[in-house]
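In terms of the numbering used here, the sequence shown has 256 at position 182, counting the first letter as 1, and numbering is strictly consecutive.
Here the structure comes first, spelled out in structure tokens, and everything after it is commentary.
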Amino acid sequence: MSEGPPPWAVMTSERHAHVLRVAALAERWADSMGVGEHERARWRRAVWLHDALRDAREADLRALAPGWAGPVELLHGPAAANRAGAGEETDQGILEAVRYHSVGRPDWDMAGKVLYCADFLEPGRSFDRSDRAMLADRFPVAPEEVLLEVATRRLAWLVRSRWSIPEPTWRFWNSLVRDGWA
Numbered sequence: 075m076s077e078g079p080p081p082w083a084v085m086t087s088e089r090h091a092h093v094l095r096v097a098a099l100a101e102r103w104a105d106s107m108g109v110g111e112h113e114r115a116r117w118r119r120a121v122w123l124h125d126a127l128r129d130a131r132e133a134d135l136r137a138l139a140p141g142w143a144g145p146v147e148l149l150h151g152p153a154a155a156n157r158a159g160a161g162e163e164t165d166q167g168i169l170e171a172v173r174y175h176s177v178g179r180p181d182w183d184m185a186g187k188v189l190y191c192a193d194f195l196e197p198g199r200s201f202d203r204s205d206r207a208m209l210a211d212r213f214p215v216a217p218e219e220v221l222l223e224v225a226t227r228r229l230a231w232l233v234r235s236r237w238s239i240p241e242p243t244w245r246f247w248n249s250l251v252r253d254g255w256a
């Protein structure tokens, strides 16, 4: 896969800018953590795929993610993972990172954990900028603590929004507080 969004991506310029910021943050972490090129490339692929269909039509998302219930805002991950998996992406860790990046997944590898955190902590988001910047700076030295804090904040947002909590999210949360980094 080349650097950048896949040819089938449906992204606004604002979404593309968001993905560039997520990619820059993940790259910064990889540099700080001394991550090798193979794993770094996996992180890049997950980042470029995660919002590839975020701006697609609802009907297209539902067609690409049959069986996924819930609000349309959560369909772009499963839809992009299914589309990428039907094409050139064969790495299941990357596909699971993309599929669950909005809700969490208990048995993620590092690509999923990095994507989940970088997507939330990228500096272009308008809320809690200073707190999120501190978390982003801390990730390379304390990734497990930052992952737990990001999950806490995302779960709190779901509760405040009065959305039902998706099954993968509560399983992810329970695994973090029960098993830790794992």
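The beta carbon of each residue, even a glycine, is placed where N, CA and C say it ideally should be.
Remember, predicted model here, so these are calculated numbers, not experimental data.
Assigned exposure category for residue i - 16 Cβ within 10 Å defines buried
i      : result
Ala207 : exposed
Val177 : buried
Val215 : exposed
Asn156 : buried
Val233 : exposed
CA-to-CA distance, residue j to residue i, given in whole angstroms
i      : j      : result
Leu195 : Leu149 : 21 Å
Phe246 : Trp82  : 30 Å
Pro193 : Ile168 : The question names Pro, but residue 193 is Asp in the sequence shown. If I take the Cα positions, the gap works out to 14 Å.
Arg89  : Asp134 : 18 Å
Trp117 : Leu189 : 7 Å
Tyr174 : Glu111 : 24 Å
Gly186 : Asp205 : 22 Å
Backbone secondary structure at residue i - three-state DSSP
i      : result
Tyr190 : helix
Trp182 : coil
Val175 : A small correction: the amino acid at residue 175 is His; Val does not occupy that position in the sequence shown. Coil at His175, not helix or strand.
Glu219 : helix
Pro230 : The question names Pro, but residue 230 is Ala in the sequence shown. Of the three classes helix, strand and coil, the one that applies to Ala230 here is helix, per DSSP.
Asp165 : coil
Arg199 : coil
Gly151 : helix
Leu127 : coil
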